[in-house]
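Chemist: All residue numbers for the sequence shown refer to this note's numbering, where the first residue is 1 and numbers rise by one.
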Amino acid sequence: MKAQPDEGLYPRIYAIVRQIPPGRVATYGQVAALVGPPCDARLVGWAMAALPSGADVPWQRVINAQGKISLRKYSRGHELQRRRLEAEGVQFDERGRIDLARYGWMGPEGPEQPELL
1 MKAQPDEGLY PRIYAIVRQI PPGRVATYGQ VAALVGPPCD ARLVGWAMAA LPSGADVPWQ
61 RVINAQGKIS LRKYSRGHEL QRRRLEAEGV QFDERGRIDL ARYGWMGPEG PEQPELL
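1. If you draw a straight line from the C-alpha of arginine 84 to the C-alpha of glutamine 19, how long is it?
2. For arginine 61, which residues from the same chain have a beta carbon less than 6 Å from its beta carbon, with the 5 sequence-adjacent residues on both sides left out?
3. Among all the DSSP beta bridges, which residues are the ones paired with alanine 101?
4. Considering only C-alpha positions, which residue in the set Asp56, Ala55, Gly54 and Thr27 is nearest to arginine 42?
5. Whole angstroms are fine: how far does the CA of isoleucine 63 sit from the CA of arginine 97?
6. Indicate whether leucine 9 and valine 35 have their beta-carbon atoms separated by less than 8 Å.
7. CA-CA distance, glutamate 109 and valine 17?
8. Short check: CB of valine 90 to CB of tyrosine 103, under 8 Å?
9. Helix, strand or coil: which one does DSSP assign to valine 17?
10. Decide if glutamine 66 is buried, meaning its Cβ has at least 16 other Cβ atoms within 10 Å, or exposed.
11. Who are alanine 26's beta bridge partners in DSSP?
Written as C-alpha cells, this is what we have:
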C-alpha cells in the first residue's frame, strides 16, 4: 500500500517555491530540506503535480538533483517547463541539463548571487 502524501505541508512547499527568483532553479530535495521534516523530495514532487492550472507558484523552477526536468521527455509538461525556464534565461546543455552551479538558487538565507548575463 502506498503512503499518502502529507498535503498539510503543501502550503509550506509552495511558499518556498515562490521565493525562487526568475532565472534560478532549485531541486526537489533542496525545497524539501528548506521545508524541513517530514518533507522529502517525493512530497515536493507530489505538491508540484497537485498544483491547479494557473496557480501562482513557479513550479517550472523545481528540477531534479541531476539538473534535469523530471517530467517525461517530449511530453507537453516537459516542453512547457523547458520553454518557461528558457524564457527566464536558463540554459540547457546538449543533454538537457541545467548547470546547478550557475543557475541553482542558494535558498532564502543563501549568499548574494550574481546577476546572470
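We treat Cβ as the ideally placed atom computed from N, Cα and C, and that holds for glycine.
Modeler: With the structure as the only source:
1. Counting from 1 along the sequence shown, the entry for residue 84 is found at position 84. Counting from 1 along the sequence shown, the entry for residue 19 is found at position 19. Each residue's Cα considered, the two are about 17 Å apart.
2. For this step, residue 61 is matched to residue 61 along the sequence shown. The answer, listed in chain order, is Ile20 and Val25.
3. The count along the sequence shown starts at 1 and reaches residue 101 at position 101. None; alanine 101 has no bridge partner.
4. Along the sequence shown, read from residue 1 onward, the residue named residue 42 stands at position 42. When Asp56, Ala55, Gly54 and Thr27 are compared, the shortest CA-CA separation from arginine 42 is found for Thr27.
5. The sequence position of residue 97 within the sequence shown is 97, counting from 1. The sequence position of residue 63 within the sequence shown is 63, counting from 1. If you take the alpha carbons of arginine 97 and isoleucine 63, they lie about 10 Å apart.
6. Taking the sequence shown and counting its residues from 1, one reaches residue 9 at position 9. Taking the sequence shown and counting its residues from 1, one reaches residue 35 at position 35. Yes. Within cutoff.
7. Here the question's residue 109 lines up with position 109 in the sequence shown. Here the question's residue 17 lines up with position 17 in the sequence shown. In a straight line, the C-alpha of glutamate 109 is about 14 Å away from that of valine 17.
8. The count along the sequence shown starts at 1 and reaches residue 90 at position 90. The count along the sequence shown starts at 1 and reaches residue 103 at position 103. The answer is yes: Cβ separation under 8 Å.
9. On the sequence shown, position 17 is the one that residue 17 refers to. Three-state DSSP puts valine 17 in a helix.
10. In the sequence shown, residue 66 corresponds to position 66, counting from 1. With fewer than 16 other beta carbons inside 10 angstroms of its own, glutamine 66 counts as exposed.
11. Taking the first residue of the sequence shown as position 1, residue 26 is located at position 26. Its beta-bridge partners are Val62.
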